[in-house]
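Numbering of the sequence shown is given in this note's numbering, commencing with residue 312 and proceeding in unit increments.
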Amino acid sequence: LYAGGISKGVSIVLVDDSKTFTVLTRRLRILLDDFEWVKYSEEEAERIFKEVDKDRQLIKDIIAGKIVPPSKDIMKMALMIVESPTKAKTFARFFGRPYRREVEGIPVYETSTSNLVIQVAASMGHITELSIMPGFHGVLEEYDKYIPVFAPIKKCNKCGYQFVESDSCPSCNSDDISSKKDIIDALRKIALEVNEVYIATDPDAEGEKIAYDIYSSIAPYNPNIYRLEFHEVTRRALIHALNNKSKISIPLVESQLVRRIEDRWLGFELSRKLWDRFKIKTLSAGRVQTPVLGWIIERYKQHRNKKILLYALLENGVEVIFENPSRLEYVLEKYKRGELKALVKDLREEIVEVPPLPPYTTDSLLKDAFTQLGLPVVEVMKLAQDLFESGLITYHRTDSTTVSTTGLNVAKEYIEMMNIGVFTPKTYWREGAHECIRPVKPIDVNKLSHYVRIGLIKPSVKLTNSHLRLYELIFRRFIASQLPASRLVIQRYKVELDGMEVEVDKNVEIVEHGFNKVFPIIRTGRKIVEGEYNVKNVEVRKIPAAWLYSEGDIIALMKERGIGRPSTYSRIVQVLFDRGYVFEKKGKLIPTSKGISIYSYLKEYFGEYVSEEVTRQLELTMDKIEMGDLDYQHVLRELRKQVEEIKMIKVEA
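The structure is reproduced here in structure tokens:
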């Protein structure tokens, strides 16, 4: 490193063992992302050696005082602000071992590129929150404009409660308080030391709001502020972001402002109605959580109804199921006498192709992680956040299945390296800037564990077994999405049992495994031939008319019905737990009597404000604001009218 940047160097590798060379190549690609060898040639070597000699001579002359280096700043100083210390550590390690210092008690990591010295610091998430006292629930109204008032977040070090407008904790009265004002002051101090400030918060509306708050706090101290956006925490993504700096998206910020203000206005007013009615100050209501609670209650009611299933096991081992059989008593009598027979008819076989599932989005990952790994949705989001910030997966709050060219290359390299099938590239394109959830490197969970163990990969958090299981799920689903379809034989036939008839479709043979070899979701049963069969066994079961929802089912419903967003899915479910509106039993959600009472009250008196359709339309309105197609002040005016209507509704205590 000298006044002109970093001097050019060259490395020549003589290959005498192809296997060792292949291993070296794989490891270098893990460390350096887009690493590629250049085949040696005399002409290219001569050109590079001339550049090396030129740099060395320049350094020699500078040291000897023969020339004065350029007076302009070739090395810029920059501050890069991320949300978490984990992400800060990961970024700082991309260009060597970083230097660590503290500014006002805040850890700062210093690293350098060829032309930048970067200070990396974390904001620790949101730095401000909507105030309560000024104006209407923290929003001033001046000259027909709504102006939200945000203040630095304070946190009680004793009980963890967060607030903004008190010198002691409103929850436990402790004076042991920490404030985001300290982080803001530290960031301002560093901003004065550097040429430019880069805000690298998460690439969604919530991340944009955090970026805007940071910008507003720092701009008076350093106006040269830029937005960096990446969907994966890798060296390659950082370099690309540094070369494509942008400005903060104001429409995204406005959308998030509306979401927060709407949540405050509606939540506060409905909660006060609940407090007056039920005399419990911990109750709350919201536009999204209320219809979700309604789904759980409705499914619970359906679950209490029962239906009858008749299981008939044929002599060839094939089991047939009849739902709510009309001739149950006659069938059971015949079975007892040993006279019960089943007729298999209208049999036909066909070969069908089953395409692979697309890569994960937030909702599908949460559902599968719950059903397959038994992980609660809140824990899944925490684990995925760790994997993202450690540079192992792409951004995990997304509703897009799109695969980038980089992602296709990851799949191609792994599939060809492991010889597990034919690479069949599919982009699963959806409109929008986000990408699917996928691994960022072509390494499976076994390789990942090995590389972590030997120190080749150094995650910024300690990877637990749960981290690895989730990574494996994401990795296998993504690799499977880039493999061919599976081909299988399906038998379609009818089974007649004492006047009752049922149609059966059954997978009986896999002809070509395709993606199913990596991500097995296809099960097969026994083949059957037409004819009459003795019934070997009969069993009658009474089961619920509908199964209770799991956390994963609720997330999938929220996505399907257009309520909530990837960044809010898990939070909405958690609120229902925290308020005591639902509880979980054997992985299923059951409403409490409190939850049922709260929902019935809200539906009866405020149904038009918290219905599923109204909530869905509001989400579409947020989308229009994000796209810049709708004035957020107009939306706030309409919301204010709704809240005034709610305040005017008189309900008997």
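Note that beta-carbon positions come from the ideal geometry of N, C-alpha and C, so glycine has one too.
- Rounded to the nearest whole angstrom, the C-alpha separation of LEU686 and ALA680 is 6 Å.
- Per DSSP, LEU594 has no beta-bridge partner at all.
- Nearest neighbour of ASN484 by Cα position, chosen from LYS466, ALA522 and LEU625, turns out to be LYS466.
- SER881 sits away from VAL733, with the two beta carbons spaced by 7 Å or more.
- If you check the CB distance, ASP809 and ARG638 come in under 7 Å.
- Distance from the CA of ARG648 to the CA of TYR641, rounded to the nearest whole angstrom, comes to 11 Å.
- Between the alpha carbons of VAL846 and TRP740 lies a gap of roughly 50 Å.
- Of ILE341, ALA356, ASP345 and LYS914, the smallest CA-CA separation from SER322 is found for ALA356.
- The continuous stretches of beta strand (DSSP E) do not include PHE826, and DSSP gives it neither H nor E.
- Linking LYS371 to VAL324 through their CA atoms gives a straight-line distance of about 27 Å.
- Counting only runs of 4+ residues, the alpha helix (DSSP H) found wholly inside the region 745-806 occupies 756-765 and 776-792, in chain order.
- Looking from the CA of PHE402, the closest CA among VAL450, ALA552 and ILE536 belongs to ALA552.
- Between SER911 and the set ILE392, ILE607 and SER479, the nearest pair of CA atoms involves ILE607.
- Cα atoms of LEU719 and THR712: separation of roughly 13 Å, rounded to the nearest angstrom.
- When the beta-carbon positions are compared, LYS805 and VAL819 stay at least 7 Å from each other.
- Sixteen is the threshold: when 16 or more other Cβ atoms of the shown chains lie within 10 Å of the Cβ of THR879, as they do, the residue is buried.
- Around the Cβ of MET938, a 10 Å sphere holds fewer than 16 other Cβ atoms; the residue is exposed.
- In this structure, GLU630 lies away from VAL800, with their beta-carbon atoms at least 7 Å apart.
- Between PRO396 and ALA433, the CB-CB gap stays under 7 Å.
- When C-beta atoms of the region 568-586 are compared with those of the region 533-544, fewer than three pairs fall below 8 Å, so the two segments do not count as touching.
- SER777 places its beta carbon 7 Å or farther from that of LEU676.
- Pairing ALA796 with PRO666 gives a Cβ-Cβ distance under 7 Å.
- With a beta-carbon spacing of about 19 Å, LEU654 and GLU634 fall beyond the 8 Å limit used to define contacts.
- Between the alpha carbons of GLY407 and ASP574 lies a gap of roughly 44 Å.
- Between the C-alpha atoms of GLY578 and VAL569 there is a straight-line separation of about 13 Å.
- For SER582, the enclosing alpha helix (DSSP H) covers residues 561-589.
- When secondary structure is reduced to three states using DSSP, MET869 falls in the helix class.
- In this structure, ILE495 places its C-beta atom within 7 Å of the C-beta atom of SER528.
- The C-beta of ILE785 has 16 or more other C-beta atoms within 10 Å across all chains shown, which makes the residue buried.
- Taken atom to atom, the span from the alpha-carbon of VAL751 to that of LEU549 is near 13 Å.
- According to the DSSP assignment, MET391 belongs to the beta strand (DSSP E) that extends over 387-393.
- When C-beta atoms of the region 436-449 are compared with those of the region 405-420, fewer than three pairs fall below 8 Å, so the two segments do not count as touching.
- Residue burial is scored here from C-beta neighbours: GLN368 has fewer than 16 other C-beta atoms within 10 angstroms and is therefore classed as exposed.
- According to the DSSP assignment, SER423 belongs to the beta strand (DSSP E) that extends over 417-423.
- Judged by DSSP secondary structure, GLY842 falls within the beta strand (DSSP E) whose first and last residues are 842-855.
- DSSP places ASN818 in the strand class (E or B) of the three-state scheme.
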